[in-house]
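Comments concern the structure below.
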Amino acid sequence: MQPEYGWSAEIGVKQGFKIGGFKAFLDVAYFWTEYRNMMDFVYTLPIDKDSLNNGDYDIQTLVSRSGFQSQNIGRAKVTGWDFSLSGAGNIGKFDFTLLTGYTYTNPIDPDFDPLVDTTGSFKGSNLLKYRSQHMFKNDIQIDYKKFSIGFSSRFTSYMENIDLRFEEPLIYELLTPNTPLYNNPALYVLPGLKEYRTKHKHDGWQHDFRMSYKISKELKASIIINNFFNQEFMSRPGYVEGPRMFTMQVVMKF
């Protein structure tokens, strides 16, 4: 394995402005990154089709001897742009704070060959694995005297391309789909993942809520609700984000 190296460049503009009592900064940037000898996890298979058909390996031995390892996969290019808006202001006796942003990323393999590179679930695409192309975040807070209320939202688009071995049997290229062995759960990293990803393909939103009261200069009490709408969301294969969670917090400054 060779060291991974690359370069990156970014150009952008940041502009401040004021509308009434609202002061803000708008930041827009374009970025470009390229890698050589990029490292990624690749599944290693210690057997061939003839060995499988001859019964040289049972399923338990096959699974225990195979696995993912870090290998050089070649070049990669990541381009995209980022937009963010941050500001604060007031409407009457209410103070507002805003932070919002959107990022678009296009991570590709410039040397992609659909006849050779067949290990991705997004077949025929040069999109790099485990990347989300669209990300959005927004946070708004309103303060009134000793009270404060905040609401934040995050969106991560569907991870189109993952390793096909997470959705199909570990040795899918050695099997025929209509054979019983193809559907044996013992050959799946996460049985049912493909169906789960299809069902929750558009569930990329998460929302949090917070409310606080400043009891005194030194003491503040807060209620925080993470995943406010109890949205079921998988940020990466096999990792389901936590359900709605309530937190009560008291902060004291000395």
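The numbering used here applies: residue 47 is where the sequence shown begins, and numbers increase by one.
Even glycine gets a Cβ: it sits at the ideal position worked out from N, Cα and C.
>> Just to confirm my understanding: we take LYS183, look at its own chain, exclude 5 residues before and 5 after, and list those with CB closer than 6 Å. What are they?
In response: GLY147 and ARG200
>> Less than 8 Å between C-beta atoms, sequence neighbours within five positions excluded: which residues of the same chain meet that for ARG121?
In response: GLU80, TYR81, ARG82, MET84, ASP155, PRO156 and ASP157
> Pick from PRO160, ASP254 and GLU241: whose alpha carbon is nearest that of PHE197?
Replying inline: ASP254
> Going by other Cβ atoms of all chains shown within 10 Å of its Cβ, with 16 needed for buried, is LEU161 buried or exposed?
Replying inline: exposed
>> Tell me whether the segment 249–264 and the segment 198–218 touch, counting them as touching only if at least three CB pairs, one residue from each stretch, are closer than 8 Å.
In response: yes
> Whose C-alpha, out of LYS247, TYR218, THR107 and ARG256, is nearest the C-alpha of SER281?
Replying inline: LYS247
> Nearest to PHE77 by CA position, among TRP53, GLN48 and ILE261, is which residue?
Replying inline: TRP53
>> So, does the segment 203–214 touch the segment 232–247, judging by three or more C-beta pairs under 8 Å?
In response: yes
> Does the beta-carbon distance from ILE261 to LYS191 come in below 9 Å?
Replying inline: no
> If you check the beta carbons only, do LEU221 and TYR228 fall under 9 Å apart?
Replying inline: yes
>> So, under 8 Å CB-CB, SER112 and THR90 are touching, yes? Tell me the CB distance rounded to an integer number of Å.
In response: 6 Å
> If you draw a straight line from the alpha carbon of ILE57 to that of PHE71, how long is it in whole angstroms?
Replying inline: 17 Å
>> Going by C-alpha to C-alpha distance, which of ASN273, PRO283, LEU265 and SER194 sits closest to LYS299?
In response: LEU265
> Which value, in whole angstroms, describes the spacing of the CA atoms of GLU278 and MET205?
Replying inline: 15 Å
>> Report the CB separation of GLY179 from THR151 in whole angstroms; it is logged as a contact under 8 Å.
In response: What sits at residue 179 in the sequence shown is Gln, not Gly. About 5 Å separates the two Cβ atoms, so the contact holds.
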